[in-house]
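What follows is one structure encoded as structure tokens, with my remarks underneath.
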Amino acid sequence: MTEIERKFLIKNTYFLKGIEGKRITQGYLSTDPERTVRVRIKSDQGFLTIKGTSNQSGLSRYEWEKEISTQEAKQLLQLCLPGVIDKTRYEVVIENHTWEIDIFHGENNGLLLAEIELQSEEEPFLKPEWIAQEVTGDVRYYNSYISEKPFSKW
10 MTEIERKFLI
20 KNTYFLKGIE
30 GKRITQGYLS
40 TDPERTVRVR
50 IKSDQGFLTI
60 KGTSNQSGLS
70 RYEWEKEIST
80 QEAKQLLQLC
90 LPGVIDKTRY
100 EVVIENHTWE
110 IDIFHGENNG
120 LLLAEIELQS
130 EEEPFLKPEW
140 IAQEVTGDVR
150 YYNSYISEKP
160 FSKW
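149 is the number that the working numbering gives to position 140 of the sequence shown; each next residue is one higher, with no gaps.
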């Protein structure tokens with residue numbers, strides 16, 4: 010399946026008051042841009058995800074994901090490359106889109122990102138006032154990149 014998403018920095022987090030987030034721990038078995046392989050634990054669910062290379066605009070790429078047991082995910086995290094990502098994800102619905110807001114912890118503390126998945130690269134959407142600069146296609150904001158080069162060391 011092709012994933013089409015846009016990614017933005019966030020100005021502030023006041024709009025998250027009263028919204029419960031889910032803690033995410035994720036690591037990478039491979040950060041090769043041709044085939045990124047990610048292991049994730051989101052609350053009490055495990056996932057194995059493979060992503061292909063992004064297209065030229067950085068908006069689209071192939072993504073395959075399978076739910077696995079939390080126990081399997083914990084075992085696979087032990088095999089991951091150094092630099093496990095720790096973040097809290099919040100979901101904010103605006104009109105007919107769900108924004109995924111990630112607040113990073115640990116060595117990526119201070120990084121605040123918002124992503125929106127779209128049906129097409131041209132699909133219009135309402136951009137909330139808390140959205141700042143767009144960073145779609147900027148590899149520095151890929152989770153696989155910040156797992157190797159944490160935000161705190163930029």
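Glycine is no exception: its CB is placed at the ideal position from the N, C-alpha and C atoms.
Whose C-alpha, out of the options, is nearest the C-alpha of residue i?
{"i": "Glu76", "options": "Phe56, Gly61, Pro91, Gln84", "result": "Phe56"}
{"i": "Thr11", "options": "Trp73, Arg44, Thr34, Gln35", "result": "Trp73"}
{"i": "Phe113", "options": "Pro137, Val46, Lys136, Tyr150", "result": "Tyr150"}
{"i": "Thr45", "options": "Leu90, Trp139, Phe134", "result": "Leu90"}
{"i": "Ile97", "options": "Lys31, Thr22, Asn21, Leu120", "result": "Before going further, note that residue 97 is Thr rather than Ile in the sequence given. Of the listed residues, the one whose Cα sits closest to Thr97 is Lys31."}
{"i": "Val93", "options": "Ile59, Glu124, Asn117", "result": "Asn117"}
In chain order, what residues of the same chain have a beta carbon less than 6 angstroms from the beta carbon of residue i, not counting five sequence neighbours either side?
{"i": "Glu43", "result": "Thr62"}
{"i": "Ile28", "result": "Tyr99"}
{"i": "Val148", "result": "Tyr154"}
Ignore the nearest five residues each way along the sequence and tell me which others in residue i's own chain have a CB closer than 8 angstroms to its CB.
{"i": "Val102", "result": "Trp108"}
{"i": "Gln80", "result": "Gly55"}
{"i": "Ser69", "result": "Thr11, Glu12, Ile13, Ser63, Glu130"}
Can you list, in chain order, the residues of its chain with a C-beta nearer than 7 angstroms to that of residue i? Leave out the 5 residues immediately preceding and following it.
{"i": "Ser66", "result": "Glu130, Gly146"}
{"i": "Tyr153", "result": "The sequence shown places Ser at residue 153, rather than the Tyr named in the question. So the list reads Tyr37, Thr40, Thr45, once near-sequence residues are dropped."}
For residue i and residue j, which I take to be in contact (beta-carbon distance under 8 angstroms), what is that distance rounded to the nearest angstrom?
{"i": "Ala141", "j": "Phe24", "result": "Contact flag wrong, Cβ pair sits at about 13 angstroms."}
{"i": "Ile19", "j": "Trp139", "result": "6 angstroms"}
Margin query: List, from N- to C-terminal side, the beta strand (DSSP E) runs of 3 residues or more that fit wholly inside the stretch 67 to 92.
Written below: 69 to 77
Check: Three or more C-beta pairs closer than 8 angstroms, one from the stretch 156 to 163 and one from the stretch 125 to 142: is that the case here?
Finding: no
Note to self: Threshold first: 3 residues or longer. Then list the beta strand (DSSP E) segments lying entirely within the stretch 39 to 70, N to C.
What the structure shows: 44 to 51, 54 to 61
Next item on the list: Tell me the start and end of each unbroken beta strand (DSSP E) in the stretch 90 to 137 that is at least 3 residues and wholly inside, in chain order.
Entry: 94 to 103, 106 to 113, 121 to 126
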